[in-house]
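Protein sequences, first through last, are from chains Y and S. Numbered by this note's numbering, the letters in the first sequence go through residues 314 to 410 in order. Numbered by this note's numbering, the letters in the second sequence go through residues 366 to 630 in order. What follows is a single structure, written as structure tokens, with notes after it.
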Amino acid sequence: MSLPDDYTITKVLVFLSVEKALREINGSVFEKVTEILKTKYNSYLYDCYDHPEYLNQILKDFFGDCFVAITDTIKKYLVEYSNRKKVNHFIEVVCNK
Amino acid sequence: MITTLDTIKGQRFLVSTLIATGFAILFFNFVNEQTALLFTDLMFVFTSGSVAILSIIVVIQNRLEGYHGKAWALFSSAVIFWFIAEVIWTLYQQVYKIDPWPSEADFFWLVGYPLFFGFLMYYQRPVHKSITKKMVVISTLISISILVPLLYVSYDDNLQLDEFEQLLGLSYPILNAFVLVPLLIGVFLFFKGKVNFMWILMSLGMISFIVSDNWFFLTTLNESYHPGHPLDLLYIWGYVLFSFGLYDHMKIFHTKNIFHKLDQN
């Protein structure tokens, strides 16, 4: 059995950070975001690493202007991995106002 | 998926409920004072009971998880205390036929305010970084500008109230002033977004309570309060607005439990 590649590890790290940030608000917020991702974009939270714009839009729709505070929490959890180019891109898009 | 049509229909039902309760109180006031009193007392118990039941459903839905889970648990506790207060008030007025103010009901009402304050704090905790100094200053100024005239009026030497009654009466506007600050901050915070409508309803509900509490305090000072007074309608509207706010929250965060389905697959 081969070890997961860097892309997969980073994708999981991003997924876990987003999950933690959403669950910190409430489990039903996490579930709702996941449901919208599935119904509206036919994707899972795990796929947000490749499509951060989905998460950005959902959080904006839900929380209005204060979505920034939620994306800041995601950013906080990912800050130690932000030297990775794709993680940095993810943070930029998710936090996009 | 909640459509715009659903929201409009929901609002129409809300407006109809508010108008219907208004007309009902007006009608029973025309019949006679006793009928109006019985109707408003029953409405207090019914509406506060409905909010308490809905809030328990929301607590179960949120499973005490995260900040919002704790926030809803505090809200539910506050509403349950207010429901107990309404029942005590009605028992005093309808069964024992004695003046319910001041009574044990006040204890339950007063305990509800710190719990409601806690609800506001926990609900806004995840987005507290979006709170600006400007929001805090404006909300505090509005709150103080309401409290100060009430404090001034209460220092009239010719009042018919004893010290305990005066203190008890004053504790409502003071607690309201504390609650109003995070409440207004919430209005600024959730101005846009899907949670906006729910927040507007919850805020209007609490503002209804604050206005009626302060009005009740003033009518108690000049002894002009009578059963079936228009301010009773504001309390009932407060509970109605809370009910619709909770219903809207349940609709927004209702999921088809996709995790359960995924587990089954």
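Backbone N, C-alpha and C define an ideal beta-carbon position, used for all residues, glycine too.
- request: Taking PHE555 (chain S) as the reference, give the member of S:SER495, S:ALA443, S:THR405 and S:LEU456 with the closest Cα.
  value: On the second sequence, position 190 is the one that residue 555 (chain S) refers to. Residue S:SER495 is the option with its Cα nearest to PHE555 (chain S).
message: Can you give me the C-alpha to C-alpha distance between LEU391 (chain Y) and ILE617 (chain S), rounded to a whole angstrom?
response: Looking up residue 391 (chain Y) in the first sequence gives position 78. Looking up residue 617 (chain S) in the second sequence gives position 252. Distance between the alpha carbons of LEU391 (chain Y) and ILE617 (chain S): 28 Å.
query: What is the residue span of the alpha helix (DSSP H) that VAL460 (chain S) lies within?
result: Residue numbering aside, residue 460 (chain S) sits at position 95 when the second sequence is read from its first letter. Per DSSP, VAL460 (chain S) belongs to no alpha helix (DSSP H) and is neither H nor E.
field: Backbone CA spacing between SER415 (chain S) and SER608 (chain S) [nearest angstrom]
entry: Reading the second sequence from its first residue, position 50 is the one you call residue 415 (chain S). Reading the second sequence from its first residue, position 243 is the one you call residue 608 (chain S). Using only the alpha carbons, I get a separation of about 7 Å.
task: Quick one: which residues of the region 489 to 515 of chain S get their C-beta closer than 8 Å to a C-beta of chain Y? List them in chain order.
output: PRO491, VAL492, HIS493, LYS494 and SER495
- prompt: Going straight from the alpha carbon of VAL605 (chain S) to that of ALA417 (chain S), what length do you get?
  reply: Start at 1 with the first residue of the second sequence, and residue 605 (chain S) comes out as number 240. Start at 1 with the first residue of the second sequence, and residue 417 (chain S) comes out as number 52. Going from the Cα of VAL605 (chain S) to the Cα of ALA417 (chain S) covers about 12 Å.
message: Going by C-alpha to C-alpha distance, which of Y:GLU366, Y:PRO365 and Y:PHE380 sits closest to LEU372 (chain Y)?
response: Along the first sequence, one-based indexing puts residue 372 (chain Y) at 59. Nearest C-alpha to LEU372 (chain Y): Y:PHE380.
query: So which residues on chain S does ARG336 (chain Y) lean against when the C-beta distance must stay under 9 Å?
result: In the first sequence, the residue the question calls residue 336 (chain Y) occupies position 23. In chain order: GLU430 and GLY431.
- prompt: Taking the Cβ atom as the reference point for each residue, do ILE601 (chain S) and THR386 (chain S) lie within a distance shorter than 8 Å?
  reply: As a first step, residue 601 (chain S) is located in the second sequence; it is residue number 236 there, counting from the start. As a first step, residue 386 (chain S) is located in the second sequence; it is residue number 21 there, counting from the start. Contact flag set, yes.
- request: Using alpha carbons as the reference points, say which of S:VAL444, S:PHE472 and S:PRO491 lies closest to TYR537 (chain S).
  value: Counted from its first residue, the second sequence places residue 537 (chain S) at position 172. Per the Cα distances, S:PHE472.
message: What does the Cβ neighbour count give for LEU506 (chain S), buried or exposed, with the cut at 16 atoms within 10 Å?
response: Within the second sequence, numbered from 1, the residue matching residue 506 (chain S) stands at position 141. Answer is exposed; the Cβ neighbour count stays below 16.
query: When burial is assigned at 16 or more other CB atoms within 10 Å of the CB, is LYS324 (chain Y) buried or exposed?
result: In the first sequence, residue 324 (chain Y) corresponds to position 11, counting from 1. Result: buried.
field: CB contact below 8 Å: ASN541 (chain S) versus chain Y
entry: On the second sequence, residue 541 (chain S) is found 176 positions in, with the first residue counted as 1. With 8 Å as the cut-off, ASN541 (chain S) does not count as an interface residue toward chain Y.
task: Tell me whether THR497 (chain S) sits in a helix, a strand or coil according to DSSP, three-state version.
output: If you number the second sequence from 1, residue 497 (chain S) lands on position 132. THR497 (chain S) falls in the coil class under three-state DSSP.
- prompt: Can you check whether the CB of GLU469 (chain S) is closer than 8 Å to the CB of ILE453 (chain S)?
  reply: As a position in the second sequence, residue 453 (chain S) is number 88, starting the count at 1. As a position in the second sequence, residue 469 (chain S) is number 104, starting the count at 1. Result yes, Cβ atoms of ILE453 (chain S) and GLU469 (chain S) sit closer than 8 Å.
query: Mind listing which residues of the region 357 to 391 of chain Y have their C-beta closer than 8 Å to chain S's C-betas, in chain order?
result: LYS373, ASP374, PHE375, PHE376, GLY377, ASP378, CYS379, PHE380, VAL381, ALA382, ILE383, ASP385 and THR386
- prompt: Considering only the beta carbon of each residue, do LEU545 (chain S) and ILE390 (chain S) sit closer than 8 Å?
  reply: Position 180 of the second sequence, counting from 1, holds the residue named residue 545 (chain S). Position 25 of the second sequence, counting from 1, holds the residue named residue 390 (chain S). No, they are not a contact pair.
- prompt: Given that GLY610 (chain S) touches chain Y, what residues does it touch there, using C-beta distances under 7 Å?
  reply: By 1-based counting over the second sequence, the position of residue 610 (chain S) is 245. Within chain Y, no residue comes near GLY610 (chain S); the closest Cβ sits about 16 Å away, beyond 7 Å.
query: Would PHE376 (chain Y) pass as a contact of VAL492 (chain S) if the rule is Cβ separation under 8 Å?
result: Looking up residue 376 (chain Y) in the first sequence gives position 63. Looking up residue 492 (chain S) in the second sequence gives position 127. Going by C-beta atoms, PHE376 (chain Y) is nearer than 8 Å to VAL492 (chain S).
- prompt: Using a beta-carbon distance cut-off of less than 8 Å, what residues from the region 337 to 351 of chain Y approach chain S?
  reply: GLU337, ILE338, ASN339, GLY340, SER341, VAL342, GLU344, LYS345, THR347, GLU348 and LYS351
field: Extent of the continuous alpha helix (DSSP H) to which VAL416 (chain S) belongs
entry: Taking the first residue of the second sequence as 1, we reach residue 416 (chain S) at position 51. VAL416 (chain S) -> alpha helix (DSSP H) spans 398 to 427.
query: Starting from ASN579 (chain S) and walking both ways along the alpha helix (DSSP H), at which residues does that stretch end?
result: By 1-based counting over the second sequence, the position of residue 579 (chain S) is 214. Taken as a continuous stretch (DSSP letters only), the alpha helix (DSSP H) holding ASN579 (chain S) covers 560 to 586.
field: For ASN369 (chain Y), the first and last residue of its enclosing alpha helix (DSSP H)
entry: As a position in the first sequence, residue 369 (chain Y) is number 56, starting the count at 1. First-last of the alpha helix (DSSP H) with ASN369 (chain Y): 365 to 376.
- prompt: Between the C-alpha atoms of GLY570 (chain S) and GLY483 (chain S), what's the straight-line distance to the nearest angstrom?
  reply: Taking the second sequence and counting its residues from 1, the one referred to as residue 570 (chain S) is at position 205. Taking the second sequence and counting its residues from 1, the one referred to as residue 483 (chain S) is at position 118. In a straight line, the C-alpha of GLY570 (chain S) is about 16 Å away from that of GLY483 (chain S).
query: Does the beta-carbon distance from PHE582 (chain S) to GLY551 (chain S) come in below 8 Å?
result: The count along the second sequence starts at 1 and reaches residue 582 (chain S) at position 217. The count along the second sequence starts at 1 and reaches residue 551 (chain S) at position 186. The answer is no: Cβ separation not under 8 Å.
query: Thinking just about the alpha-carbon of each residue, which of S:VAL518, S:MET486, S:LEU515 and S:SER589 is nearest to the one in ALA436 (chain S)?
result: Here residue 436 (chain S) refers to the residue found at position 71 when the second sequence is read from its first residue. With distances taken between Cα atoms, ALA436 (chain S) lies closest to S:MET486.
- prompt: Nearest to VAL501 (chain S) by alpha carbon, out of S:VAL513, S:PHE543 and S:GLY477?
  reply: Here residue 501 (chain S) corresponds to residue number 136 of the second sequence, with the count starting at 1. With distances taken between Cα atoms, VAL501 (chain S) lies closest to S:PHE543.
- request: Taking only beta-carbon positions, decide if PHE562 (chain S) is within less than 8 Å of chain Y.
  value: For the purposes of this step, residue 562 (chain S) is taken as the residue at position 197 of the second sequence. Not an interface residue.
- prompt: Given that a residue counts as buried once 16 or more other Cβ atoms are within 10 Å of its Cβ, and exposed if not, what is ILE322 (chain Y)?
  reply: What you label residue 322 (chain Y) is simply residue 9 of the first sequence in a count that begins at 1. ILE322 (chain Y) should be labelled exposed.
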